[in-house]
Structures are given as C-alpha cells and as structure tokens.
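If you read the sequence shown in numbering that gives the first Met the number 0, its first letter stands for residue 0, the second for the next number, and so on. Using N, Cα and C, we set each Cβ at its ideal position, and we do this for glycine too.
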Amino acid sequence: MSNPARVILLVGKGGVQTDVDLDSLAQDEVADIIPVMLADYESECHDWTFIASEHWREGRWNRVMDLLERAVSFFNGERGRRRDFSSLVNIHSMLAHLHLHLARSAPKVILQNTKYDKLDPSTRTKDYHHREAAASLNAATEALRACGGSQEDEPVSLTVGKVIHYLATGQPGLAHPLVERLLQRQPNNLIALTAQARLQFARRSHLQALQTYQKLLALAPEMSPDPRIGLGLCFWQLGDRAKARTAWERALEREPGSWVCLLLLGLASLNDARQPSVPRTERLKLETEGVGFVQKAFKLNNKSSASALALASVSGQGGQSQLPLASKLAERAIQYADNKRHAVLANSERGRLGFMAGDLADAGTYIAAIKKEDPNAVNIIAELTLGQMAIKSGSLREALNYIEQTAKRLNGQGPLEYTVLHACLLAYPHPGMSHDEVVRNRTLARNMLTEVHNLVGAAETEADWAKLRGVGSDSDVFVDLAKLWQGENVEKAIGAYQTALSIITDNDLESAQEPGLDSPNFTALRLSDNLAALYHLEGNVETAERMYQEALQKVAIQEGKEAEILKTVLAYNLGRAYEEGGDHAKAAQWYRDVLRQHPEHVESKVRLALIATSAGRHFDAHTLLKECLQSDENNLILRSVYTNFLITIGSYREAFAFTTQTLRIDKSDAWTFCALGWLHFILGREGKSPQELAERPKQYLRSAEAYERALIIDPKCAMAAQGLAIALVEDSLALRGTNYGADEGKIRARLAGQTLGIFGRIKDSLAEGAVNVNLGHCYFVRGEEEKAIESYMTASNAFGGKDVNVLLYLARAWYALANRESNFSAMNKALDYCQEAMHIHPADRAILYNIAMIQQKAAEMLFSLESSKRTLEELTIALKQAQQAVDTFRSLADDKSGPLPYDAELADQRARYGEGLLRRAAGEMSKQEAYQGETLARVEEARRLRAEEQARIRAAEEARQAELRIKAGEIAEQRRKAREEAMAWQEELAARQAEEEAKRTANMEKRKRRKEGIVDSGEDGEGEGRKREKKQRKKKIKEEKKSRKARSKSEVGTSDEEEEARETGDEEDEETSRVRKAKSTLAMLKAKRRAKRTDPDADEEEDEDEVNQGQAKRGKQL
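1. Along the beta strand (DSSP E) that carries glutamine 16, what are the first and last residues, could you check?
2. Using the three-state DSSP reduction, which class does leucine 173 fall into: helix, strand or coil?
3. Shortest alpha-carbon distance to arginine 545 belongs to which of Thr522, Ala562, Leu569 and Pro275?
4. So what does leucine 198 bridge to, in DSSP terms?
5. In terms of DSSP beta bridges, what is leucine 9 paired with?
6. By Cβ distance, which residues of its chain are closer than 7 Å to isoleucine 379, with the 5 residues on each side in sequence left out?
7. State the DSSP-derived secondary structure class of alanine 842, mapped to helix, strand or coil.
8. Assuming glycine 915 and glutamine 855 form a contact by the criterion Cβ under 8 Å, report the distance between their Cβ atoms to the nearest whole angstrom.
9. Using the beta-carbon count (16 or more within 10 Å), is valine 438 buried or exposed?
10. Using the rule of at least 16 other Cβ atoms within 10 Å of the residue's Cβ for burial, across every protein chain shown, is glutamine 690 buried or exposed?
11. Mind the definition here: the segment 127 to 145 touches the segment 110 to 117 only if three or more C-beta pairs lie below 8 Å; say whether that holds.
12. Report the rounded CA-to-CA distance for leucine 283 versus leucine 454, giving the unit in angstroms.
13. Which class does lysine 697 belong to by DSSP, given the choice of helix, strand or coil?
14. Closest by CA to leucine 917, which one among Gln294, Ala656, Arg959 and Ala881?
15. State the Cα-Cα distance for the pair serine 630 and serine 896, rounded to the nearest angstrom.
16. Apply the 10 Å Cβ neighbour rule to aspartate 18 and answer buried if 16 or more other Cβ atoms are within range, or exposed otherwise.
17. Are leucine 533 and alanine 492 touching if we call contact CB-CB under 9 Å?
18. Can you tell me which of the three DSSP states lysine 687 falls into?
19. From Phe618, Leu628 and Glu43, pick the residue whose C-alpha is nearest to that of glutamate 1119; which is it?
20. Between the C-alpha atoms of leucine 143 and arginine 203, what's the straight-line distance to the nearest angstrom?
21. Take alanine 219 as the anchor and find which of Asn187, Ala246, Arg249 and Gly231 has the nearest alpha-carbon.
22. Taking valine 770 as the reference, which of Ser795, Val377 and Glu783 has the closest Cα?
23. Could you compute how far the alpha carbon of valine 715 sits from the alpha carbon of histidine 535?
24. In terms of alpha-carbon separation, which member of Leu480, Gln26 and Arg59 lies closest to leucine 420?
25. On a Cα-Cα basis, can you pick out the residue from His583, Gly580 and Phe521 that is closest to valine 563?
26. Tell me which residue opens and which closes the alpha helix (DSSP H) that lysine 895 is part of.
27. Is arginine 959 helix, strand or coil by DSSP?
28. Under a Cβ-count criterion, where at least 16 other Cβ atoms within 10 Å of its own Cβ denotes burial, should alanine 246 be classed as buried or exposed?
29. Which same chain residues, not among the five before or five after leucine 864, have their C-beta less than 8 Å away from its C-beta?
30. Which class does threonine 140 belong to by DSSP, given the choice of helix, strand or coil?
31. In whole angstroms, what separates the C-alpha of arginine 1008 from that of tryptophan 984?
32. If we ignore side chains and look at the alpha-carbon of each, how far apart do glutamate 372 and glutamine 552 end up?
33. Within a Cβ cutoff of 7 Å, which residues of the same chain sit near proline 176, ignoring the five residues on either side of it in sequence?
34. Pairing CB atoms from the segment 255 to 273 with CB atoms from the segment 305 to 314, are three or more of them under 8 Å?
35. On the criterion of 16 or more Cβ atoms from any shown chain inside 10 Å, does lysine 1132 qualify as buried, or is it exposed?
Encoded structure:
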C-alpha cells in the first residue's frame, strides 16, 4: 500500500492556490523555486517555517538556512511591504535554533598544523554559529519589543533558544533566571525541565538533578533525548555506578542508535577496568567491552571529542604501528572539543603521541597549546612529556627544572610516575652542579625512590599492584635505587636489587610460553651478580657463593660474547667469595679456571699471588706478580700490589727502589707518594748502623716532603695528612741533638694538641683502627686518659678486639688513670686488658711482667689509701693479686732461658718488694676491719634512732587523728540537736502566726462594723467610763511600744555581738543562730498577745500602727 501524499497548500494573491508536494522538496529545482513562490504569494510566517521545518527534518541544513534568511528579508519590508515584527520574532528564533543545532557538530577550532586529521579551512566553527545564534536571538528580541510585546509575551521558542545558547557558551548564570521564568509559565515544559536539570548538575546538586530527571521521565517516558541518560549521570556522581549502568542500558534498549548511551557505557567499562579491586581477568574483559562501546559510538558520531579522546588513549598503547591512528583521533578530539577540559586532555595526548613517534617539534606544538589554554593548571601528562622531551634532546638540567617547578606546584600530590621521573633526574649528576648540590639531590632521589620501594614491598593483592600503575614492574627504578644506597647502606641496596630481580623473574615467567626452553635473561644474571657482590661486601659469604654458583649454572651452556664475559666475572667473584670465607684451595681453583680460559687475566694472578703470600710461598707469589708486571708494566694498581708485597716480606729497600720507578711512570699519583713517604719514615726509624743513624733526619725530612707532595696532588688525601701528623707529634723533623730539658713534656703535649686537629679532620676518611690509635696516643701524651681510652676502645672494636698492641695501649691508659685518681676499679680494668692480651699471646713474657706489675701496684695503692677510701673486699682481692705478683716476679727473675724482654734483676727486686707488702697485709687488714666495724656500728645506731623517731611521729599522728574524730562526732551531735530545736520553734512560730492572723481578721471586722454605726447594747451608759479606760489603755500602749523598741534594740545589739563573734573567729553554727532569732520573735509575739488581752481597742490601734509601720518600711525599701 503506497504512502499518502504529503502536500501543503499555498494561497497567493487573487486566490491563486498551489499544492506543493513535500517529498519533492528534496529536488533542487523545487527547493530553489519555493522561496520565490512564498515571497510572490506573500505567504504567512507559518508557511515559511513549515517548509523550513520539513527541510530540517530531512537534514537539508543549507536549504533551511537559505529559506529562513529569505524570510527575514521578506518580513523586513521587502518589495515595499510593511515590516511584520511578530513574524520576524518567530523567523529569527528558528534561525537561532538552526545555528545552535549546527554548532553541536561544528569543530571548535580548525588546526593548521595537523598531520592526520585535516579539515576544510572553510568549515564554520562553533564560535561562528554561536555568534550568529546570538545575533538572531537579539534580532528576535528587538522585533518583539518593536511590536509592543513585553518580556511576559516572549515566545517559548525564543526563551528556549536563549537558554540553549547560554548553556552552550558556558553562561549558566544567565540561563538560570530564564529557566525559572519559563517554568513559572509552563511548569511541565520538557525543554525547560531538561535545562533545569542540566543547571543543577552543573552546580553539583546531583540529588536535585536526579529528581528533575525523574520528573521528566514521568511526564514523557518516550522523549528524546532519553531522561535516563541524565539519571545515569546523576547516579554515577552519587556513587551508585550499578544504577547508572542500568539507566544507560535501558536508554540504549529504547534507542539502539544513541551514540551518547554507547559512549557512556564504554567510558563506564573503561573506568571500572582501572579500579584496583578488579581482578586482572575481569579487567581485560571490561577494557575490551569498553573499547567496543566507544568504537560504536564513534561510528555513529565521528565528531564526538569524548569518543575520539578515549579511542586515542587506548590506541596509543598499541605500539608504534598504532601511533598514526591514535594521533588522528587525538587531532579530531582537539578540533571538536566540547569544553576546555577536553581540549587540554586531547592536546596533552597528542603531544605524548608526538613524543612517542620521535617528532619533538610536533609534540612541542601541542604542549605549548596546553600552556596557552590554561597556564595556571598542572597537567601531569603534559609535564611528563615536556620533561621527557628535554631528556631526549640531551638537556637534562632543563628537564630537571621543568619537573621540579611542577613538583612544587603539586606539593607532593603527584602520581607515582612523576615521582619516579623526578627521582631519576635528581640521581643523575648534571654538568655544572656543585658537589653539595649533587649530594643533596642524590639524597632526595634516594628518599623518593625508597618510598616507592616501600609501596612495592607492601603490595600483596592485585588491587595493591593496580594502584602502582605499572611502576612496580619497572626493574630499572629499583636498580637505580640500589646504586644510590650502595655507598651508604648495603642492606638497603640489597633489598632494592632483590626487588628488581624478582620483577624481572616475574616478567620472564609471564612472557614465557614453554618454561625451560627460553635462554636466560642476561640482565637478571647481571643483577644476580651485583646482588651477590653486595652480600659479599656485607660479609654474607655463604649467600654470595650460592648466588654465584646458581648464576654460573644458568649461563654455563650459553655461548656468545656476553655469556663469556658473564662466566669470567662470575667465576672470579666466586673465587673471591671462597677466599673471603677462608677456603683458599677452592678460591685458587676458580682463579685457575679463569686463567685457563683467559691466561692474561691479571686480577686472578694477583689473587693467586696474595694467597701464596699468606701461605708463606713467597717465591710463587713473586713469580706470579712478575708475570703480571710483564704483561702490564704501567698498571698502577698492580705496581701498588707489588710494592705492598715487598713491604710484607720486609724488603724495604727493594720496595723503595720499585716505588721510585713507579714515580717515573706517573708522577701524579698521590698514593705512590704516600708509599714513598712511609718507606722513608720506616727506613729512618729502623736504621741501626751508624751510617743509617746519620741519615735518619734526612729520611724523616724526605718522608715529610713525599707526604706534602701527595697533599699537593690531592689536598684531601687523608693518608698523607696522617703521615705528616705522625711526624709532627713524634717531633721527627727536629734538628738532631735537640734537647728540650724540663719543658720537654709541655712541648710534647703542645705538639699532640696540634696533631689532634689533623687526626680529627681525617678521622672519617681512613679506617677507624689506625686513626683512633693515633688519636689515643695524642690524648695520652696530653694526660687526657679518659679520651685516650675512648679512642683506643674504638680502635679495638675496629680490629675485632684481637689486636694485642691496642689492648696493651688500653691497659696503659687505665693504669695511668688508676694511679692519678687512686682508683682500684681502673687498675682492675688495666689488669683485664693485659690478661686479654696474654690470652692472645700466651708466650709473651713482657705482657706477663706487666700483669705482675699492675697486680703489685694495686696492692701498694690500696695500702696508701685511708680506711674510708677502701673496702675490706678490695683489700682481700689486692692481697691475693699481690701474692700472685710475687710468684710471677720470682719465676721471671729465675728464668735463664735466653734474651729476656725485661731486666731479671729488676724482677727480683720487685719480688722482694712484694714480699714486704705482704708482711704489711695483716696490719692493714685488722685496721680496715676495725674501721668498718665502727662504721657499721654507727650506721646501726643511726638506723635505730631513725626508727624510733619515725615510731614517735606515727604515734603522735594517730593520737591527733583520734582527737579529731572525737571532736567531729561532738560537733555533729550539736548540729543535729540544733536542727531539731530550730524545726520545733519554726513549727510553733507558724502556728502562732496563724492564730494572730485570725485575730487580726476578727478585729478588722469589728472596726468595720463600728464605722458603719453598729454598736453593742449598754455601750451608751458607760460612755464616760470608757473614755477613762481608753486613756489608761493608750498610756499602756505607749509603755508597751517603748518596751518593744527596747527589745528590738537589744536584738540589734545581739546581732552586732554575733557579727563581732563571727569576725573574731567564733564558730557558732547557723542552726544556733536561727534558734536564737526564733526565740526573740516568739518573745515579741507573746508581748503583743498580753497587750491585746488587756485592751481589744488597743489591739486594733496597734494593728493599725503595725500596718502603717509596714507601709512605711516598704516605702523606704522602694
């Protein structure tokens, strides 16, 4: 069945009628003639707008534009017609709506430098259409005003057009009053309600917007655009994402071609995929689903900036092959951006893609556009891209400046990626940086990367790893962290290497299709070697050995240059590990394996030579070192090893000659000059022959000159500074034969003080042992035994407590301190350190002599002390040690085995002196016992007196507390009785006051009757007698008043006495006072009662007086 014809009837002048088939409007011939026909027929506005709407429905925008512009000309008075302002209002309104509609699909900007998405330069932009819409709306308003219409007469289409224009141009403040006015006129206007919902949503009033969208849905369930889209947006912002998806899905079911629903569902899926709590499999599924939705939306509307931007971000992760497509989508998003945020994000994405493509100039254009668009905002992607561009161009300092400026603006709130890039730039020493700046930057970088490492270490679930956003899978980050920690904290460097190694291992497992078939990862092997070396440096040799062996097993079957290098390095390091562990046989075996593969491997030969030297095979060691020197004679490290070997075997002359030859090869090596200075000093000090003794000053002077030359080459050479300091403190540069006389001790102390400053400055640059020994010597010379002991202890700890010389230095310092302070405990300390040295060298008789000397000196010191400064226990210990000292000295004096390190005769004298001390022992013991007995008795007596005094104080306190309790009970009883009496008096007083009140009422009634002329019978006959009685009563009343005044004065006096008693500290209770006042009041009432009994009339007069007095009192109060 054919569709009915769609026809419009046009009526012209003279009744001419023409039928126009609406379906024929698509034909150019018909469309061209229609405007002319409408003008000739002078058709009404309705005909013009009807045909324009038909073109609109079919999407023939140019026809609509031409027709409406021709209508504007027609109704503006074309051909001499009068202007039709009412029609112009409608025509201009429709023209404005047309521009607003075209602005939705128009580009925001047309880029001139696009490489992929090129637009026709003649294409009109959003700004053009918005300007034309504004002009049409203004023209419609003017036309309305011209035809006499007011704001209330404004057509709905004009008001809605203004609202849409204001919303599209970002002026919600101007749209809001229009929407409110329109809703007052038409509360259920769908467009007005939609605008109101949009305004509420823009103001973040999501709950109100939700209610408005629900109202729209109730009014028009089938309207388009579907209100469910707005409902979903509100639910999403309110946190209910499940309801949001449901709303969009229902809207999509109703309108399957809605690109907006598809876009929102796609973005929702992509956002859900980024949630850390989503498992990985579910994440991949959501990403695939989201991309599918967005692609469908883009196919339906390829001018949607949101769709293009989302697809560009996804495509940009597909590698180099996807970069052109992603760049085109990003350019499309830039040109069709709906708002400022889309423009910024699209420019940043396009800049990032340009950087990935290697076109820095292209990327810089888009990054600059971001800065121009919003110079105050911080765009992380743009800043990262800008920093990476500077890195790629080689301007590392410039990149660091970019990143640091942005880091200050972020104030620690940047993403992990930004933190990592910032830390890596700080860790790199850029040209032009001072040493302090490098150290500060490395410390800052280390702290930043350590925080990232802690986050990775704390990550356990998939959600935790998702929060790291890929940073946790970058092994290079933690390798850099390990390098930063390596010189500061080996343990933390090991932790960073372990993290990097585990990341590489996990990545290999994920990428491996068949385990065991892939070749080993050489990066992982190198990291394993570094990690094992750190364990080795930390002293964990067993772990280092295990890791070296595991790495060797993995690389053993591999071939190639890189594999051979790794095999050599691992084998040599394994040998070093065995050597450190004391297994020299296995170490030598691995060194020989390296030499079989590489016969000229100098390091292995040197290690073999050192093993041979430690075993006493000096000839083998000498042969190996000679071979090394033949292969690389100019190697300074090798020459220093050979010099050390010659010094070890005591060949000082040969070492001196070899060091002199080394200086001919390189005169700029400070360490060679240090070795030369040491050799000159040793040769001068150890010389015994007359010729050598004559040459000693010259040797010392040459030693100082060599150390000075080393300091010229390297002003921070601590070894050279220490050599000069030793020469200074020993005064080895003084002229031969110099005699200081009595001032020698002061001069030595002064030189030691000057040397302390040098040792203090080089303390942190050299091994703790030697420097602290020298510091201890200086302090000892200056008589500062406590500081000397502290330095010697530090040196002893550095040597593991096994260095005999340091132990003897400690014993000497404690011995000197004990003698100076007469301290028996310090003397025992000296004895302990000598005994420790004796355990290490049990055959050293000089140490045994020192032990006996300390034991004897301890007894001598205690005998010289007063009884109050020693104890019986100390005397007992000292006497026991003195007996041991006598036995030791006697055996040392009788020793005839050969040359002795002591004087045998002096030992015999010491033995006899010790026997003399022992003979004094009985007297000293009895003296000490008597003193301690007396002291103990005095202490006991003092304790007894103290106990008695405390008992007396306790008894007095108990008695005082008992007395207080008794007094408190009595006072409580008095208060109870007073309260009872007061209550009784108050009850009696109340009863009497009630009685008095009743009588007063009766008297008042009598007076009232008397005034009215009512008298009792018999009253006239007794008139004269009454007068006399009245006079007598008045007299009595006066006397009573006087007596009452006297009583009131007495009461006042009583109250004054009470106040006075209170001021003087009288502790009378309130209950007693109330009782006294009640008694006074009762006495006054009794007096009144007696007066009333004598004369009723007097009572009446008295009552009147009381009333008057009461009124007078109240008047005074007022």
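Reading from the atomic positions:
1. Run containing glutamine 16: 16 to 20, per the beta strand (DSSP E) assignment.
2. In this structure, leucine 173 counts as helix in the three-state DSSP scheme.
3. The alpha carbon of arginine 545 has as its nearest neighbour, out of Thr522, Ala562, Leu569 and Pro275, the alpha carbon of Leu569.
4. In the DSSP output, where bridge partners are listed per residue, leucine 198 has none listed.
5. In the DSSP assignment, leucine 9 forms a beta bridge with Thr17.
6. Closer than 7 Å at the Cβ level, and outside the excluded window around isoleucine 379, lie Gly413, Pro414 and Tyr417.
7. In the three-state scheme derived from DSSP, where H, G and I count as helix and E and B as strand, alanine 842 is classed as coil.
8. Contact doesn't hold; Cβ gap of about 11 Å is too wide.
9. Under this definition valine 438 is an exposed residue.
10. Under this definition glutamine 690 is an exposed residue.
11. Proximity of the segment 127 to 145 to the segment 110 to 117 falls short of the contact definition, fewer than three beta-carbon pairs being nearer than 8 Å.
12. Between leucine 283 and leucine 454, the C-alpha separation is close to 24 Å.
13. Here lysine 697 sits in helix by DSSP.
14. Put simply, of Gln294, Ala656, Arg959 and Ala881 the residue whose alpha carbon is nearest the alpha carbon of leucine 917 is Ala881.
15. Spanning the two alpha carbons is a distance of roughly 52 Å.
16. Under this definition aspartate 18 is an exposed residue.
17. Yes, the pair counts as a contact, with Cβ atoms nearer than the cut-off.
18. Coil, per DSSP.
19. Outside the modelled stretch of the chain, which goes from 0 to 1117, sits residue 1119, for which no answer is possible.
20. Cα to Cα, leucine 143 sits roughly 35 Å from arginine 203.
21. Nearest option by C-alpha distance: Asn187.
22. When the alpha-carbon of valine 770 is set against those of Ser795, Val377 and Glu783, the nearest one is in Ser795.
23. One point to set straight first is that residue 715 is lysine, not valine, in the sequence displayed. Approximately 29 Å, taken between the alpha carbons.
24. Comparing Cα positions, the closest option is Leu480.
25. Before going further, note that residue 563 is glutamate rather than valine in the sequence given. With distances taken between Cα atoms, glutamate 563 lies closest to Phe521.
26. Premise fails: lysine 895 is in no alpha helix (DSSP H) and is neither H nor E.
27. Arginine 959: helix per DSSP, three-state reduction.
28. Counting other Cβ atoms within 10 Å of its Cβ, alanine 246 reaches 16 or more and is therefore classed as buried.
29. Cβ within range, chain order: Ser821.
30. Note: threonine 140 maps to helix in three-state DSSP.
31. Using only the alpha carbons, I get a separation of about 36 Å.
32. Rounded to the nearest angstrom, the two C-alpha atoms are 59 Å apart.
33. For proline 176, where only same-chain residues beyond five positions count, there are no Cβ hits under 7 Å.
34. Touching, per the Cβ criterion.
35. As shown, the chain starts at 0 and ends at 1117. That puts residue 1132 outside it, with no answer to give.
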